[in-house]
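Read through the structure below, which is laid out as structure tokens, and then see the notes.
Numbering (this note's numbering), first residue to last: 496 to 1163.
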């Protein structure tokens, strides 16, 4: 028996994912470090782990010095060190901005955020690649391989929570260094930390490049996505360091702070204020059928990171599934050998010989169909990832326009607390839905493939084509007759039992009965037939629901529950809550309005500061506010002479002279 779910450092590709085969101690000799040695044959000549499986372990007993699970624990030390440094710098800068000398005290640290999960639109792909670097550890948690302590089953949720926090802390510096305002320090720290992870991963691969299941370069197959992501992060941090160093040396200007109003949000508001064009731009086939690019919309970093991580996790999940399939295939081959030996011993005359042959045929067909359906199942889930992004943009635009009709009535005003939690749930649940959805879709497609093989292909192979065609023809004819009778009922109802159209422009006849006596006889005699027809309709409904439910299980943006039971779909609730949080916090019109208010407040504060600055100037030439106002008044009246006659008259002699002077100047 093979036990999946126990971590084993001897398997290069699988150790970081948290699963490896573990055979009983009577058949495998274990050495320190939990390394697997050669298989010891049992008395019957075959151990639990087949010899053909062990021949694929090209390294033999691979005793590597690097264990990724152990390094995950030790990586918390530099991770916490980097977090403390960035937290100290952030708190120190915050106190310096307040002109407070207490920032010299290092006993109060700031809070570091990895990234803004709501309104981050810059460095989206950098954050996405940083998420991708965590794929191996996410799969390690997904397989529930994080079991450092022997605890009861009911406490597994707490252990997985601790494991998730540990994985988050170990990869926290990637995100913190990307989002930190102290670009020079954070780039050095981020580059150093990424380099350590890259070097440890390379060392782990070079020591044990091969494995038991895939064979050659198994570790490379499992770790190349993480190496690619780490290489990108190294280049990104190096670019940050060079750019921040040039700014520090004065060779380049300091970059502006993160804008409150993003460019694409401003463009969206401008597009709303423009008049729609008289003639719409002709769209290509790709824009009409697949996807249309919108420069006024950008996906937040959360969606990009979720998609990148889902792609890599799906790839790793498919590899793991194929490795398990290879192991099961070897076990089935051994079982088939035993069946063949039994048939040979009975000279193919035993009573179980036909059954054994059918079992062998079923196993061969299932193995072939399982391999063939890997591609369509994976392609389906990959298309779902792109389609979910397209649905996110479509739903957000509808909410921005105030349209909630595409949502069930119960979700028009979701709970605020559930919506906030949905932001934290969505990314993880989306990845889990994609992985489990792939497995379920793969199983369903395999069952459909086996059914097609037994109904169409195998009869041809066994020279039973005529019987197959005869059965197929009878089935098609039966279904055609049933559908024909249903269509005939509709045609008779439209021809005999409805009154004529009231106007020539009407598309259909009005819902008004005609020939009532004939109609009542028609309904009476078809009553008994429709009882039998309802049985097939019920089975068709059940089959259609099962197929659509399993096919759309990975779609978190679409509920598979019936109308009125949507709240039972927790994934769909997380999707709706996430949409509303993004709608309330990133609506371009609302953000633009707040931007105008903030900009106006800053301008008024600046004018007030300038006004008081004139009063607090050092001794010298000073201009009073009254003199400045009179000068501006004189300039306005000279440029607009007609305003002089509209001014409020004053009895003073000086004001009359001033008015006459202005009139003289205006006439001249």
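Think of the CB as a built atom: it goes at the ideal place given N, C-alpha and C, for glycine as much as any other residue.
Judged by beta-carbon spacing, residue 915 lies beyond the 9 Å limit of residue 715, meaning their Cβ atoms are not closer than that value. Distance check between residue 1048 and each of 721, 780, 965 and 937 places 937 closest, using alpha-carbon atoms only. The alpha-carbon separation between residue 970 and residue 964 amounts to approximately 10 Å. Residue 677 is positioned such that its CB atom lies no closer than 9 Å to that of residue 760. CA-CA distance, residue 1011 to residue 1029, rounds to 25 Å. Taking residue 1062 as the centre and dropping the five residues before and after it, the same chain places the C-beta of 905 and 1068 closer than 7 Å to its C-beta, in chain order. Residue nearest to residue 862 within the set 876, 831, 890 and 1042 is 831 (criterion: CA-CA distance). Contact between residue 757 and residue 790 is absent: CB atoms are separated by about 12 Å, not below the 8 Å threshold.
Taking C-beta separations shorter than 6 Å and ignoring five residues to either side along the sequence, the partners of residue 917 in its chain run 1069, 1072 and 1073, following chain order. For the pair of segments examined, the stretch 617–630 was found to touch the stretch 659–674: the number of CB pairs separated by less than 8 Å reaches three. Rounded to the nearest whole angstrom, the CA to CA distance from residue 885 to residue 1065 is 21 Å. Take the alpha-carbon of residue 1013 and the one of residue 990: they are about 12 Å apart. Exclusion of the five residues before and after residue 1055 leaves 1044 and 1047 as the residues of its chain whose Cβ lies within less than 6 Å of its Cβ. Residue 1008 is bridged by DSSP to 993.
The C-alpha of residue 649 lies about 34 Å from the C-alpha of residue 941. Around the Cβ of residue 1041, a 10 Å sphere holds fewer than 16 other Cβ atoms; the residue is exposed. Contact between the stretch 685–694 and the stretch 728–745 is present, with at least three C-beta pairs closer than 8 Å. When only Cα atoms are considered, residue 1019 and residue 981 end up about 16 Å apart. When DSSP states are grouped into helix, strand and coil, residue 657 belongs to the helix group. The Cβ atoms of residue 720 and residue 712 lie no closer than 9 Å to each other. The alpha-carbon of residue 815 is positioned some 31 Å away from that of residue 610. Annotation for residue 948: no alpha helix (DSSP H) segment contains it, and DSSP assigns it neither H nor E.
Residue 707 and residue 859 have their C-alpha atoms spaced approximately 23 Å apart. Using a C-beta cut-off of 8 Å, the stretch 885–902 makes no contact with the stretch 849–856, since fewer than three inter-stretch Cβ pairs fall below that distance.
When only Cα atoms are considered, residue 890 and residue 978 end up about 38 Å apart. In the same chain as residue 960, and ignoring 5 residues on each side of it, the C-beta atoms closer than 7 Å to its own belong to 954, in chain order. In the structure shown, the three-state DSSP call for residue 792 is coil. Its Cα nearest to that of residue 1083, the residue 755 stands out among 854, 755 and 1127.
Within its own chain, the residues whose Cβ lies closer than 8 Å to the Cβ of residue 834, once the five positions on either side in sequence are excluded, are 851, 854 and 855, listed in chain order.
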